[in-house]
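S.K.: For any residue, its number in my numbering is found by taking its place in the sequence shown, counting from 1, and adding 338.
The beta carbon of each residue, even a glycine, is placed where N, CA and C say it ideally should be.
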Amino acid sequence: MEDMEQHIAECKKFGLIMYDLDNFKQINDTYGHNEGDVVLSELAGRSKELADEKMQVYRLAGDEFIAIVEDGRPEIVENYAKAIQETFRKPYLVSGEEQYLHSSMGMALYPRDGHNSTELISSVDKAMYTVKNSGKNGMAFYQEGM
Numbered sequence: 339m340e341d342m343e344q345h346i347a348e349c350k351k352f353g354l355i356m357y358d359l360d361n362f363k364q365i366n367d368t369y370g371h372n373e374g375d376v377v378l379s380e381l382a383g384r385s386k387e388l389a390d391e392k393m394q395v396y397r398l399a400g401d402e403f404i405a406i407v408e409d410g411r412p413e414i415v416e417n418y419a420k421a422i423q424e425t426f427r428k429p430y431l432v433s434g435e436e437q438y439l440h441s442s443m444g445m446a447l448y449p450r451d452g453h454n455s456t457e458l459i460s461s462v463d464k465a466m467y468t469v470k471n472s473g474k475n476g477m478a479f480y481q482e483g484m
């Protein structure tokens with residue numbers, strides 16, 4: 339949140355990506371919270387490997403992650419989202435078994451989709467839940483009226 343607030347204070351255009359694991363509750367319920375924590379740790383590691391001078395990844399809560407892309411162009415933000423999505427093509431090891439997991443992602447742009455951190459988080463969250471409600475395992479930019 340501090341990094342996002344700093345970008346807003348500096349009036350820097352940037353993109354925000356929110357993503358989580360589809361059906362993560364099922365992993366916790368089926369295999370236990372310890373296995374769920376292992377999956378989250380693996381997801382965090384894969385996400386951090388993508389970080390560079392333009393993108394930083396943060397764990398928001400539970401299985402939700404946020405990436406700040408220091409570029410306000412939609413195509414650049416979408417390319418980073420696709421790179422994150424690509425990390426799900428490699429299976430996760432869950433209780434000794436390979437499992438292919440999926441993610442739903444929302445994307446928003448500052449200042450187009452919000453003028454403060456609360457508005458931006460709301461916009462990116464709405465975009466992610468639009469994907470979840472449309473079948474999961476995809477991505478969408480925030481649009482007015484979501």
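For Arg427, tell me which candidate among His440, Gly483, Ala399 has the shortest Cα-Cα distance.
M.R.: On the sequence shown, residue 427 is found 89 positions in, with the first residue counted as 1. It is His440.
S.K.: Alpha carbons only, please: which of Met477, Gly476, Met339 is nearest the one belonging to Ile406?
M.R.: By one-based count along the sequence shown, residue 406 stands at place 68. Ranking the options by Cα distance to Ile406, first place goes to Met339.
S.K.: Could you please give me the residues that DSSP links to Gly444 through a beta bridge?
M.R.: Residue mapping note: residue 444 aligns to position 106 of the sequence shown, counting from 1. Met356, Ala478, per the DSSP bridge assignment.
S.K.: For Leu359, is the classification buried or exposed, using 16 other Cβ atoms within 10 angstroms of its Cβ as the cut-off for buried?
M.R.: On the sequence shown, residue 359 is found 21 positions in, with the first residue counted as 1. Counting Cβ neighbours within 10 Å, Leu359 comes out buried, since at least 16 surround it.
S.K.: Can you tell me the Cα-Cα spacing of Gln408 and Asp401, whole angstroms?
M.R.: Here residue 408 corresponds to residue number 70 of the sequence shown, with the count starting at 1. Here residue 401 corresponds to residue number 63 of the sequence shown, with the count starting at 1. Note that residue 408 is Glu in the sequence shown, not Gln. Between Glu408 and Asp401, the C-alpha separation is close to 23 Å.
S.K.: Leaving out five residues before and five after Arg362 in sequence, what residues of the same chain have Cβ atoms less than 6 Å from its Cβ?
M.R.: Along the sequence shown, read from residue 1 onward, the residue named residue 362 stands at position 24. First, the residue type needs correcting, since residue 362 is Phe and not Arg in the sequence shown. Same-chain partners within the cutoff: Asp401.
S.K.: Quick one: what does DSSP say Tyr396 is sitting in, helix, strand or coil?
M.R.: As a position in the sequence shown, residue 396 is number 58, starting the count at 1. Strand.
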